[in-house]
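**Q** Each position in the sequence shown, counted from 1, maps to that position plus 14 in the working numbering.
Glycine included, each C-beta is placed from N, C-alpha and C at the ideal position.
Since the model is a prediction, treat every value here as computed from it, not as a measurement.
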Amino acid sequence: MRHRNKRQDAIRDIIRSKSIRTQRALVDELEARGFNCTQATVSRDITDMGLRKLPEGIYVLSEDLHLQRMLSEFVNEVLRADNLLLIKCNPGTASGVASAIDGAGLAHTLGTVSGDDTVLVVVESGDHAAHLHTLIEKLVNGA
């Protein structure tokens with residue numbers, strides 16, 4: 015059980031940081047992180063975790079689907095400065111985007127501040143902000 019939880023935590027991290035299209039690719043990523051597992055094990059994990067595929071063919075966590083919808087529909091640009099992300103949105107949509115980011119419970123995200131068309135996301139560190147920037151770009155572009 016403990017090993018499964020660690021593997022599923024690794025899967026969450028992989029799915030949020032890379033564009034994974036196949037179970038085989040996920041097995042390979044897990045093996046690179048020291049997990050020895052089969053495609054059947056990964057298939058069970060995908061079902062247990064409720065992973066979904068976007069129309070573009072990449073896996074996404076079910077809890078990120080609302081976030082993905084909000085980002086892909088309303089975000090125009092994402093910029094990063096050290097541990098801060100600046101998200102430029104359509105006018106009047108920033109508070110909804112900020113709420114979706116807060117609701118997703120993204121690791122290492124301290125909070126958001128929104129205006130009319132801009133969201134400021136405060137992240138624990140520059141490295142974590144870089145990972146979050148990659149995730150948000152992936153969800154905005156669906157790739």
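(1) Three or more C-beta pairs under 8 Å: does that hold for the segment 134-152 against the segment 93-105?
(2) Go ahead and pull the three-state DSSP assignment for T107.
(3) Within this structure, are the beta carbons of V111 and M84 separated by less than 8 Å?
(4) Does A112 come out as helix, strand or coil in the three-state DSSP assignment?
(5) I think Q53 touches R38, with their Cβ atoms under 8 Å apart; what is that distance to the nearest whole Å?
(6) Given a cut-off of 8 Å, decide if L65 and I115 are closer than it, judged by their beta-carbon atoms.
(7) Under a Cβ-count criterion, where at least 16 other Cβ atoms within 10 Å of its own Cβ denotes burial, should V127 be classed as buried or exposed?
(8) Tell me where the alpha helix (DSSP H) around S57 begins and ends.
(9) Who are V137's beta bridge partners in DSSP?
(10) I need the straight-line Cα distance from D59 to A24, nearest angstrom please.
(11) Run through the DSSP bridge pairs and tell me what R66 is partnered with.
(12) Rounded to whole angstroms, what's the CA-CA distance from E77 to N90? Just pull it up for me.
(13) By DSSP's criteria, V89 is part of a beta bridge. Which residues make up the other side?
**A** So, from the listed chains and residues:
(1) yes
(2) coil
(3) yes
(4) helix
(5) 6 Å
(6) no
(7) exposed
(8) Q53 to M63
(9) T123
(10) 11 Å
(11) V74
(12) 22 Å
(13) C103
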